[in-house]
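What follows is one structure encoded as structure tokens, with my remarks underneath.
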Amino acid sequence: MKKISLSFKLNLSLGILFFLILCISIYSILMINKTNSYSQNTGENWLPSIVAIGELKRDLIAGPRGLILYSLDWATNSSQAIKNKGLEEFSGNFKKFEDHLKNYAQYVSEPGEKELYDKSLSNWKILNDSIQEIKKIIEENKSPNIGFNFYREKMISQVTNLDEELNKISEYNYKGGVSSTNDGAYLTNLTNISMGITIISSMIIGYIIFLIIKKSTGLIEKAIKKLKEQSVENHRIANELKSGSKKLENSVTEQSAAIHETTAAINEITSMVNRTAENARESTEVAKKASEKSEIGQSTMTKLVKAMETIQESNVQLQNIAVIINQINSKTAVINDIVSKTELLSLNASIESARAGEYGKGFAVVAEEVGNLAKISGKSANEIQELITASQEQVNKILELTKARVDDGKKVTSEAQDSFIKISADIVKMSEVIQQIFEATREQEIGVRKISDAMSAIDKATQNSSLAVKSTAKSSEELVEQSDKLDGTAGNISLVIIGTR
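Per the numbering used here, residue 2 is the first one in the sequence shown, and the count goes up by one each step.
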């Protein structure tokens, strides 16, 4: 509780007090409304019910009396006018009772009362039937004894039963009215007690607030004394801060000039590093282009090697052709042998046909034709063999020449490819070295840029420091003024709380 502020304590106490007053006010309003509802229930429900029951009992008493008088009018043979008057009075009383009994339904509000009311209606229906019956007996017999006997033996008990039911209803309403009145009185007493408790609680809380204010006043008095002392100390510190701010402002100005000179030198270094980086970048691009061209040349040499290998494969195919020509030559020799044998057979056939005489002439012609064909085939076979021999010689020459050239081309191509590989490797190494130079230059550029940024930040910080120093100087002046005002405020608070400055 010692760390809780005075305003919080006062606000909390006043809040609790206000909350209690609000709660008891709401509670009192609710209780008053509830009491009014009980009073209203008593005035609008229970008391009117009791009054209505009294009217019903009065009508119930007047009805039988009119019935007896009406019976006497018939027994004494009174005039018709008197009989009509008696009938009107007698019927009017029971009609009034019936109307009052039906109107009583509007006052029925609870199940118990409804049950009693239903019994009363049942008894009234029985009594009404008896009334109609005795009326008929009186008018037909014109003798009072019969009507009196019927009334005594039957109707008195019915009237008594109905009267008892009405008494029960009256007692039920009486108890309900008393209960409602007691409830209202209880709520009234409870409200009075609650109001008393609220008043006592409010007085206690008010006393607590008084104690809090009294205790807090002493603390405020001590705080005011400390505040005055602190105001004097603040005034002294503000003057020292003002003097130090001026010295610091001069130092910051000198530092700012030195930083500007350093920044200019760093900018020149940055420019030189940028030029070096640009040259390294251009060298890298040249090395990349040379490497690309070397790769293209190497790719071309690879294609040339593949072409030489293709030529070599063609040479192999030419060798296969030479083999095929040799096979054709051997087949041609077989054909020549067959032609020789065919010519011999043709000659033998001619001889045999000549021996046959007339019968062999046709066969001789055929044999001659076969011989001619054999000669032609032999001539063609000789020509083919000569062509094949010439082709074979030509193919062999081509094979030897092609093989020699392919071997030379393959050797030269292999040497050129090795040279391109070495050149490409050297270019790659040169490109890597240039790239390392470029990266080193770029790192230098980044470092110089960071130094430049740092110097800019230092320059900016120096400017901010200069502004801060100026602001501090201005604040120190304002602090002096505020210290004076604080001293005056402390005096005013002391005057309000203690009564003296």
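Where a beta carbon is used, it is the ideal one built from N, C-alpha and C, also for glycine.
All values derive from a computational prediction rather than experimental measurement.
I want to check one thing, is the minimum distance from the CB of Ile325 to the heavy atoms of the ligand GDP below 6 Å?
For the ligand GDP, the structure offers nothing, since it holds no ligand at all.
Rounded C-alpha distance that separates Glu222 from Lys229
11 Å
Take the Cβ of Met32 as the centre, count every other Cβ of all protein chains shown within 10 Å, and call the residue buried at 16 or more, exposed below.
buried
Given a threshold of 16 other Cβ atoms within 10 Å of its Cβ, counted over all protein chains shown, does Glu172 qualify as buried or as exposed?
exposed
Can you give me the Cβ contacts of Ala106 inside the same chain, cut-off strictly under 8 Å, excluding the 5 residues immediately before and after it?
Tyr118
Quick one: residues in its chain with C-beta nearer than 6 Å to the C-beta of Thr343, no 5 flanking neighbours on either side, listed in chain order?
Ala375
Would Gly185 be called buried (16 or more neighbouring beta carbons within 10 Å of its own) or exposed?
That one is buried.
DSSP on Val179, reduced to helix/strand/coil?
Secondary structure at Val179: helix, using DSSP grouped into helix, strand and coil.
Asn168 and Asn124 - do their beta-carbons sit closer together than 7 Å?
no
Residues of its chain near Lys35, where Cβ-Cβ distance is below 7 Å and the 5 sequence neighbours each way are ignored:
Leu188
Where Val366 falls, given that 16 or more other Cβ within 10 Å makes a residue buried
exposed
Apply the 10 Å Cβ neighbour rule to Thr333 and answer buried if 16 or more other Cβ atoms are within range, or exposed otherwise.
buried
Should Thr285 and Gln437 be called a contact, given that it needs their Cβ atoms to be closer than 7 Å?
no
State the DSSP-derived secondary structure class of Ser79, mapped to helix, strand or coil.
In the structure shown, the three-state DSSP call for Ser79 is coil.
Is it the case that the Cβ atoms of Ser347 and Gly372 are separated by a distance below 7 Å?
yes
Kindly indicate which three-state DSSP category Ser425 falls into: helix, strand or coil?
helix
What does the alpha-carbon distance come out to for the pair Ile210 and Ser14?
7 Å
What number of angstroms, rounded off, separates the C-alpha of Thr277 from the C-alpha of Ser425?
26 Å
Residue closest to Gln395, alpha-carbon to alpha-carbon, out of Ser453, Asn327, Ser79
Comparing Cα positions, the closest option is Asn327.
Smallest Cα separation from Leu503: which of Phe91, Thr414, Asn85?
No information on residue 503 is available, as it lies outside the stretch 2 to 502 that the chain covers here.
Hey, Ile127 and Phe151 are a contact pair by Cβ (cut 8 Å); roughly how many whole angstroms apart?
Actually they are not in contact, since the Cβ atoms of Ile127 and Phe151 sit about 14 Å apart, beyond 8 Å.
Of the listed residues Gly448, Ser300, Ser292, Thr442, nearest to Ser432 (C-alpha basis):
Ser292
So, do the segment 85 to 103 and the segment 52 to 62 have three or more beta carbon pairs nearer to each other than 8 Å?
yes
Secondary structure at Glu111, three-state DSSP: helix, strand or coil?
coil
Under the assumption that Leu122 contacts Leu102 (Cβ atoms under 8 Å), give the Cβ distance between them as a whole number of angstroms.
7 Å
Within 10 Å of its beta-carbon, does Ala82 have 16 or more other beta-carbons around it, so buried, or fewer, so exposed?
exposed
Could you compute how far the alpha carbon of Asn280 sits from the alpha carbon of Lys304?
36 Å
Between the CA atoms of Asn465 and Ala265 - distance to the nearest angstrom
Distance from the CA of Ala265 to the CA of Asn465, rounded to the nearest whole angstrom, comes to 20 Å.
Leaving out five residues before and five after Ile51 in sequence, what residues of the same chain have Cβ atoms less than 8 Å from its Cβ?
Ser171, Asn174, Tyr175, Gly178
C-alpha gap between Lys84 and Phe98, whole angstroms
The straight-line gap from Cα to Cα measures roughly 21 Å.
Report the residue from Asp419, Ile54, Ile27, Lys430 whose alpha carbon sits nearest the alpha carbon of Val109.
Ile54
Which listed residue (Glu359, Leu242, Thr254) has its alpha carbon closest to that of Lys475
Leu242
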